[in-house]
Amino acid sequence: MKHYGKALLVMGFLTLTACQSASKPDTAASTAQDAENDMCGASQYQNYIGQPLSALQKQRFDVPVRAIPWNSAVTMDFNLRRLNFTADQSGKIDKVYCG
138 MKHYGKALLV MGFLTLTACQ SASKPDTAAS TAQDAENDMC GASQYQNYIG QPLSALQKQR
198 FDVPVRAIPW NSAVTMDFNL RRLNFTADQS GKIDKVYCG
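In this text, residue positions in the sequence shown follow my numbering: the first is 138, and each later residue adds one.
As structure tokens, this is what we get:
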């Protein structure tokens, strides 16, 4: 009886791996998906990477913004319209994304 459970688990795993596509994604589809995931406009603010987190204090944004210092606690709610800036240990922005 124990062997049937293991065999069923292995078969399920193999079935899931067979469903994965090895083809290269369509660039038009990926561009549309990127635009959909950039509802907050993060692509416009990538030039802030490397600047101090304090550089955001002088800016006005049309969307909600969250400045996240290194190793700080944040809520786990996901909001595609919110612009997030995370900083590294030195206080410089290392990532800009929606969420």
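C-beta: ideal position from N, C-alpha, C; glycine also.
A straight-line Cα-Cα distance of about 6 angstroms links residue 179 and residue 233. The bridge partners DSSP lists for residue 190 come to none.
Residue environment for residue 210: exposed (fewer than 16 other C-beta atoms within 10 angstroms of its C-beta).
Considering only 181, 192, 207 and 184, the residue with the shortest C-alpha distance to residue 223 is 207. Excluding its 5 nearest sequence neighbours in each direction, residue 175 has C-beta neighbours in its own chain below 8 angstroms: 235, listed in chain order.
Cα atoms of residue 193 and residue 204: separation of roughly 8 angstroms, rounded to the nearest angstrom.
Cβ neighbours of residue 201 within its own chain (closer than 6 angstroms, five residues either side excluded): 219.
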